[in-house]
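The listed protein sequences correspond, in order, to chains S and G.
If you're matching positions, the first sequence starts at 1 in full-length UniProt numbering and goes up one per residue.
If you're matching positions, the second sequence starts at 1 in full-length UniProt numbering and goes up one per residue.
To start, the structure under review is shown below, and the notes come after it.
Protein chains: 2
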Amino acid sequence: MSAPKRVGQHTIQFANPPVIVATASVVGPKEGEGPLGNTFDMVIDDSYFGEETWEKAERKMLEEAVKMVIAKAQLKPRDIDFLLAGDLLNQTISANYAARTLGIPFLGLYGACSTMYEGMALAAILIDGGFAHHVVAACSSHYDTAERQYRFPTEQGVQRPPTAQWTVTGAGAVLMAPAGNGPRITHATIGRVLDVGIKDPNDMGSAMAPAAVDTIVRHFQDTGRGPIDYDLIITGDLGRVGHEIATKLLGEQKYDVSKNYSDCGILIYDHERQDTHAGGSGCACSAVVFAGHLMGKLNEGRYKRILGVGTGALLSTTATQQGESIPGIGHGVVIEKLG
Amino acid sequence: MSAPKRVGQHTIQFANPPVIVATASVVGPKEGEGPLGNTFDMVIDDSYFGEETWEKAERKMLEEAVKMVIAKAQLKPRDIDFLLAGDLLNQTISANYAARTLGIPFLGLYGACSTMYEGMALAAILIDGGFAHHVVAACSSHYDTAERQYRFPTEQGVQRPPTAQWTVTGAGAVLMAPAGNGPRITHATIGRVLDVGIKDPNDMGSAMAPAAVDTIVRHFQDTGRGPIDYDLIITGDLGRVGHEIATKLLGEQKYDVSKNYSDCGILIYDHERQDTHAGGSGCACSAVVFAGHLMGKLNEGRYKRILGVGTGALLSTTATQQGESIPGIGHGVVIEKLG
Chain S
1 MSAPKRVGQH TIQFANPPVI VATASVVGPK EGEGPLGNTF DMVIDDSYFG EETWEKAERK
61 MLEEAVKMVI AKAQLKPRDI DFLLAGDLLN QTISANYAAR TLGIPFLGLY GACSTMYEGM
121 ALAAILIDGG FAHHVVAACS SHYDTAERQY RFPTEQGVQR PPTAQWTVTG AGAVLMAPAG
181 NGPRITHATI GRVLDVGIKD PNDMGSAMAP AAVDTIVRHF QDTGRGPIDY DLIITGDLGR
241 VGHEIATKLL GEQKYDVSKN YSDCGILIYD HERQDTHAGG SGCACSAVVF AGHLMGKLNE
301 GRYKRILGVG TGALLSTTAT QQGESIPGIG HGVVIEKLG
Chain G
1 MSAPKRVGQH TIQFANPPVI VATASVVGPK EGEGPLGNTF DMVIDDSYFG EETWEKAERK
61 MLEEAVKMVI AKAQLKPRDI DFLLAGDLLN QTISANYAAR TLGIPFLGLY GACSTMYEGM
121 ALAAILIDGG FAHHVVAACS SHYDTAERQY RFPTEQGVQR PPTAQWTVTG AGAVLMAPAG
181 NGPRITHATI GRVLDVGIKD PNDMGSAMAP AAVDTIVRHF QDTGRGPIDY DLIITGDLGR
241 VGHEIATKLL GEQKYDVSKN YSDCGILIYD HERQDTHAGG SGCACSAVVF AGHLMGKLNE
301 GRYKRILGVG TGALLSTTAT QQGESIPGIG HGVVIEKLG
């Protein structure tokens with residue numbers, strides 16, 4: 001027996017697909033200089049954003065993105081029923097302290113770099129379920145706060161291997177409502193935690209690709225759809241390494257995604273010019289690419305239907321020190337521009 | 001304009017209140033020796049639970065609690081639509097790795113010690129919204145993993161001040177469905193992040209009490225109810241210090257809770273005998289007291305209607321080192337045994 005708003009074994013099908021009324025994005029200088037630079041709402045001049053620490057800068061970016069998305073929708077913070085947010089820092093401090101500033105009822109999430117899509121799925125659930133009229137989902141990441149916490153302080157100048165990805169400095173926010181003119185969230189396929197035994201924190205793409213593929217395949221099985229039904233299938237931050245693995249794994253299951261599968265971590269930087277190795281990563285990677293580039297293409301009518309899969313590497317230095325490998329997760333959301 | 005399933009400004013009122021079909025609890029030796037010892041499903045002999053590290057022990061407790069709640073409901077993991085879980089450890093590793101073992105579609109939460117109530121609210125939303133038939137909400141904490149991460153490794157034997165609380169070693173799980181015989185979740189009031197400037201990681205009760213009070217007052221205002229409408233109002237882990245502050249703050253707002261307000265952190269240990277200072281804390285505190293003691297009293301008919309408020313101190317060593325104070329949050333859920 002299945003719940004009413006479901007299709008297949010694992011996929012939610014919204015009865016009245018919630019509308020993405022507005023999105024907002026704030027990014028760092030490097031992201032501003034990248035190929036998608038002109039799609040972001042705000043590019044900050046330096047990675048401190050006028051603050052004393054990178055952590056405070058990250059929080060400020062998140063606050064700015066949320067304030068901006070609310071203003072774009074011509075609303076006030078008190079009009080927002082729920083804020084769903086998370087980030088990569090221990091105890092998700094960017095989200096917690098931003099929620100303190102904003103004063104909106106707050107549901108804290110931890111999905112590593114999949115957080116934006118976890119938040120969008122839950123925001124759509126809150127709205128389609130009749131529990132809210134306006135929900136904001138948001139997240140942030142910052143190159144220097146992430147490197148310091150997960151790998152080495154950037155001041156040390158440790159050499160990075162080719163499989164390493166570059167954590168996006170930025171914050172993205174999405175505001176949803178039951179009605180309006182924007183693109184709609186029609187389906188969500190929530191991820192399972194998968195682990196293929198990767199132990200290298202500089203190879204997140206390999207750790208996450210199988211989880212993304214698991215979600216995409218379950219989504220296709222549940223909906224009876226295939227790659228041809230989407231203008232674009234886009235993962236969050238697999239980068240070049242993970243994108244290649246995901247393409248291969250999907251091919252092995254007879255899903256040919258060679259024509260319409262991309263990854264936000266590949267799009268956000270110029271591989272030749274920006275020295276970002278395997279590509280972008282971090283919560284903000286899929287968040288700002290969605291809020292800027294993809295939202296623009298949906299509103300222009302260039303894309304009618306996208307399957308976005310936010311990907312997260314559930315990396316922990318404590319677990320790694322205790323001999324654990326790095327599991328991954330991928331949350332899928334279908335965004336459609338109707339009419 | 002308000003969404004259909006809401007009452008007042010901030011409170012969700014479920015249309016078909018989801019049923020708590022089963023609960024499960026696993027606790028450590030100290031909790032087993034406490035006054036609620038005989039209400040828990042499993043008391044482990046030593047805090048390593050047969051594992052090499054406390055972190056792995058915590059994860060195993062969480063896995064056991066989830067497996068147990070599913071078995072009690074005579075279901076299999078594949079019957080569960082979503083697992084909602086979180087814990088106190090960096091990157092919520094207990095939840096992530098437990099989700100890897102269990103293979104259930106997973107939504108990771110971070111609400112510090114409020115996680116159980118955040119999860120119960122979201123589980124009820126998923127079910128009442130028509131998105132799921134069976135949802136498990138769960139969380140864990142462990143005295144030694146929490147002390148090591150937030151304060152001092154326990155091996156150091158640092159003296160604890162009287163305001164300090166004792167992190168509960170344990171894990172709790174709640175399984176919900178649209179129908180059945182158990183108590184039902186009728187309302188949820190989601191917390192806002194509040195901060196009154198507490199900077200001492202050994203005084204969490206003072207940091208959390210104002211956020212709990214904010215949620216309780218908003219709940220009363222939204223529903224037109226008061227303390228008299230509840231057999232019990234119970235906070236998660238304010239302990240003795242926070243309970244006293246919350247009682248005083250509610251009194252100042254003309255809500256007399258002197259007769260029916262308690263706190264899980266007070267109930268779980270014997271203050272005279274167990275040397276736990278201000279009382280219990282941690283994600284597992286409200287989780288196992290709910291899964292064991294409160295569920296028992298609800299099923300016996302001793303309590304007909306409870307307002308439970310899971311409380312979280314959004315403590316972070318990184319933020320504290322950067323001069324920040326400790327914000328708090330409280331998520332309220334009404335549990336009612338009808339008929």
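Every residue, glycine too, gets a C-beta built ideally from N, C-alpha and C.
Would you say residue i and residue j are within 7 angstroms of each other, going by their C-beta atoms?
i, j, result
"C285 of chain G", "G265 of chain G", "yes"
"R305 of chain S", "Y255 of chain S", "no"
"V193 of chain S", "F106 of chain G", "yes"
"G280 of chain G", "V135 of chain G", "no"
"P183 of chain S", "V196 of chain S", "no"
"F40 of chain S", "G292 of chain S", "yes"
"G239 of chain S", "M208 of chain S", "no"
"E58 of chain S", "T145 of chain S", "yes"
"L109 of chain S", "G86 of chain S", "yes"
"T189 of chain S", "G328 of chain S", "no"
"V21 of chain G", "G180 of chain G", "yes"
"A24 of chain S", "A65 of chain S", "yes"
"S325 of chain S", "I93 of chain G", "no"
"A121 of chain S", "L84 of chain S", "no"
"T101 of chain G", "E63 of chain G", "yes"
"V19 of chain G", "A246 of chain G", "no"
"V43 of chain G", "T223 of chain G", "no"
"D270 of chain G", "P35 of chain G", "yes"
"S258 of chain S", "I234 of chain S", "no"
Quick one: is residue i near chain S, going by C-beta distance under 7 angstroms?
i, result
"D195 of chain G", "yes"
"G111 of chain G", "yes"
"T215 of chain G", "no"
"S316 of chain G", "yes"
"R192 of chain G", "yes"
"G310 of chain G", "no"
"A319 of chain G", "yes"
"G119 of chain G", "no"
"G8 of chain G", "no"
"G108 of chain G", "yes"
Between residue i and chain G, is the shortest Cβ-Cβ distance under 7 angstroms, so that the two count as touching?
i, result
"R148 of chain S", "no"
"A177 of chain S", "no"
"K248 of chain S", "no"
"I80 of chain S", "no"
"K5 of chain S", "yes"
"I12 of chain S", "yes"
"Q322 of chain S", "yes"
"A73 of chain S", "no"
"P327 of chain S", "yes"
Is residue i near the ligand COA, going by C-beta to nearest heavy atom under 6 angstroms?
i, result
"K60 of chain G", "Ligands in the displayed structure: none, and consequently the ligand COA is not present."
What does DSSP give as the partner residues of residue i in its beta bridges?
i, result
"L109 of chain S", "G:L109"
"S140 of chain G", "G:D87, G:A171"
"A24 of chain G", "G:A173"
"R94 of chain G", "Here the sequence assigns Ser to residue 94 of chain G, which means Arg is not the residue at that position. Answer is none; S94 of chain G lacks a bridge partner."
field: Residues within the stretch 155 to 166 of chain G neighbouring chain S, beta-carbon criterion of under 9 angstroms
entry: Residues of the stretch 155 to 166 of chain G whose Cβ lies closer than 9 angstroms to any Cβ of chain S: none.
query: Using 8 angstroms as the Cβ pair cut-off and three pairs as the minimum, do the stretch 200 to 218 of chain G and the stretch 27 to 43 of chain G touch?
result: Taking 8 angstroms as the limit for Cβ pairs, the verdict is that the stretch 27 to 43 of chain G does not touch the stretch 200 to 218 of chain G.
task: Check distances from the C-beta atoms of the stretch 122 to 141 of chain S to those of chain G and list, in chain order, the residues that come in under 8 angstroms.
output: Answer in chain order: L122, I125, L126, I127, D128, G129, G130, F131, A132, H133.
message: Check whether the stretch 163 to 182 of chain G and the stretch 60 to 69 of chain G touch, using three or more Cβ-Cβ pairs below 8 angstroms as the test.
response: By the C-beta criterion, the stretch 163 to 182 of chain G is judged to be in contact with the stretch 60 to 69 of chain G, since at least 3 inter-stretch pairs fall below 8 angstroms.
- request: Kindly confirm or deny that the stretch 124 to 131 of chain S and the stretch 119 to 139 of chain G touch, where touching means at least three C-beta pairs closer than 8 angstroms.
  value: Yes, they touch.
field: Contacting positions in the stretch 38 to 68 of chain S - beta carbon closer than 8 angstroms to chain G
entry: Residues of the stretch 38 to 68 of chain S with a Cβ closer than 8 angstroms to any Cβ of chain G, in chain order: E52, T53, E55, K56.
Residues, ordered as in the chain, of the stretch 88 to 106 of chain S that lie near chain G by beta-carbon distance below 9 angstroms: Correct list: L88, L89, N90, Q91, T92, I93, A95, N96, Y97, A98, A99, R100, T101, L102, G103, I104, P105, F106.
- prompt: Taking Cβ-Cβ distances below 8 angstroms as the criterion, which residues of the stretch 231 to 265 of chain G are in contact with chain S?
  reply: Taken residue by residue, none of the stretch 231 to 265 of chain G has a beta-carbon sitting less than 8 angstroms from a beta-carbon on chain S.
task: Could you please tell me which residues of the stretch 266 to 290 of chain G, in chain order, have their CB closer than 9 angstroms to any CB of chain S?
output: For the stretch 266 to 290 of chain G, which is checked against every Cβ of chain S, not one residue is closer than 9 angstroms.
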